[in-house]
Amino acid sequence: MLSAFKLDHCRLSRLELDDSDDLTSSVWVDLIEPEDDEREKVQKELGQSLATRPELEDIEASARFFEDEDGLHIHSFFFFEDAEDHAGNATVAFTIRDGRLYTLRERELPAFRLYRMRARNQTLVDGNAYELLLDLFETKIEQLADEIENIYSDLESLSRVIMEGRQGEEYDDALSTLAELEDVGWKVRLCLMDTQRALNFLVRKTRLPSGQLEQAREILRDIESLLPHNESLFQKVNFLMQAAMGFINIEQSRIIKIFSVVSVVFLPPTLVASSYGMNFEFMPELKWSFGYPGAIVLMILAGLAPYLYFKRKNWL
866 MLSAFKLDHC
876 RLSRLELDDS
886 DDLTSSVWVD
896 LIEPEDDERE
906 KVQKELGQSL
916 ATRPELEDIE
926 ASARFFEDED
936 GLHIHSFFFF
946 EDAEDHAGNA
956 TVAFTIRDGR
966 LYTLRERELP
976 AFRLYRMRAR
986 NQTLVDGNAY
996 ELLLDLFETK
1006 IEQLADEIEN
1016 IYSDLESLSR
1026 VIMEGRQGEE
1036 YDDALSTLAE
1046 LEDVGWKVRL
1056 CLMDTQRALN
1066 FLVRKTRLPS
1076 GQLEQAREIL
1086 RDIESLLPHN
1096 ESLFQKVNFL
1106 MQAAMGFINI
1116 EQSRIIKIFS
1126 VVSVVFLPPT
1136 LVASSYGMNF
1146 EFMPELKWSF
1156 GYPGAIVLMI
1166 LAGLAPYLYF
1176 KRKNWL
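In this text, residue positions in the sequence shown follow our numbering: the first is 866, and each later residue adds one.
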C-alpha cells in the first residue's frame, strides 16, 4: 500500500493518489508491503532502488545507518504485537532525499498508526523530513515505555500469585507467562538499543537542523532513562522464575515424602500377605460364588481410589 502526505499549514494531510499522480508535493511517502507498480513509482521518484528484505535484515551498523549521494538511510526496529499477542520487531527503512521522507515496511505498526492519528491535529514546528523522522522515533519510544509499564504491572500480579503459595497448575501458568514477559522485555530492549544507535548516528554523523538536534538528544535521554528500567525487569523475571521453581521443588518434595510414608506403612502388611497369603486350609472366601469377581472389583477400586484422591490433591 502506498500513502503520501503533504504539509498543509504545518500539519500533515494525506494526498489522494491515483496512477497519474506524482509525489512532488509530498513530504512523506509511506509504503506498506508495496505492489510492484507502487515500488516502480516510488523508485522512479526517488531515483534509486528500495531496500530489499535481505537488506532490511542486516544488523551491521554500516548497513543500517549511512549517508551517501542518494541521501540519508536508516533501518530501525519497531515493536509490534500480532493478532495472537506474540511480540516482535519489524524493520522499517527510512530514506531522506530532497527534503522528503520515504518509509518502507512490511506491516502496519502501532507507532505509525498512532503518529498518523496525532498528526491530524499536531502542528509541526519546522515541517521538514528530519522532524517527521524524529517524531516517529519519539512515538516509538513512548510505545516502548508503555510496554515496560505493562510488564511491570503483569510482574506485580504474578509476584502475588507466586508468593502466596498457590497450586502447582498456577505455578505452571506463572512460569509460562514469565517466559513470555521475558521475551517481550528482550524485544523492547533490542528496539531501544537499535533506536539509540540510530539517533547517535544522526547526532554525530549528519547535519541535523538545530531544532531536530535538540529533539534527538531529548529522545536519547529518554532511552537512557528507560534502559535501566528494562534491565530491572529481567532481574525481576529471573527472581520470580527462581522463586516459582523453588516452590515447585518444595511441593514435589512434600508429595514424594507422602508417597514414601504410604509405601513404608503398607510394607509390613504386604510382607505378611506375601508370606502367608494362600497357605491356609480353611478360607471361607474360596466357597463364595462371587469371591473371584468381587476380588477383581476390589482390586480395581483399590487402585482407582488412591489415583482419584492424588489427582484431586494435585499430586499427579
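Think of the CB as a built atom: it goes at the ideal place given N, C-alpha and C, for glycine as much as any other residue.
Under 7 Å between the Cβ atoms of residue i and residue j?
i, j, result
"T968", "D895", "yes"
"G992", "T960", "no"
"V957", "R972", "no"
"L974", "F931", "no"
"L1098", "I1027", "no"
"L882", "S891", "no"
"I1084", "F1175", "no"
"A1138", "V1049", "no"
"C875", "T988", "yes"
Sorted by chain position, which residues of the same chain lie with C-beta nearer than 6 Å to residue i's C-beta, five sequence neighbours on each side aside?
i, result
"R1054", "N1095"
"V1068", "A1081"
"E1047", "V1102"
"R929", "H940"
Could you check which residue in the options has the C-alpha nearest to that of residue i?
i, options, result
"A1109", "S1024, L1151, K906", "S1024"
"E1007", "S1139, A976, I1115, E881", "A976"
"A1039", "Y1157, Q1107, S1075, L1009", "Q1107"
"R1086", "I939, L1098, L1057, T1071", "L1057"
"R978", "A955, G1168, L989, T1004", "T1004"
"S927", "A984, I1016, R1062", "R1062"
"A984", "K871, S1140, I1121, V1129", "K871"
"H940", "T1060, I1120, A994", "T1060"
"T1071", "T1135, Y995, A952, W1153", "Y995"
"F1066", "F1124, H938, D901", "H938"
"R942", "A948, A955, R1119", "Note that residue 942 corresponds to Phe in the displayed sequence, not to Arg. Answer by Cα proximity: A955."
On the DSSP letters alone, give me the boundaries of the alpha helix (DSSP H) that residue i sits inside.
i, result
"V1126", "1075–1141"
"L999", "994–1028"
"E922", "918–922"
"D901", "901–911"
Looking only at its own chain, which residues have a Cβ that is under 8 Å from the Cβ of residue i, when we skip the five neighbours before and after it?
i, result
"V907", "L867, L888, V894, L896, P899, L915, Y967"
"G1142", "none"
"R918", "E971"
Within its chain, find whatever has a CB closer than 7 Å to the CB of residue i; leave out the 5 residues flanking it on each side and keep chain order.
i, result
"D1000", "Y980"
"S885", "Caution applies to S885, whose pLDDT of 49 falls short of 50 and renders its modelled position unreliable; the value that the coordinates give is listed next. No residues qualify anywhere along the chain."
May I ask which residues mark the beginning and end of the beta strand (DSSP E) holding residue i?
i, result
"V957", "952–962"
"V894", "893–897"
"F1155", "Neither: F1155 is in no beta strand (DSSP E) and is coded neither H nor E."
"A948", "A948 -> no beta strand (DSSP E), and no H or E assigned at all."
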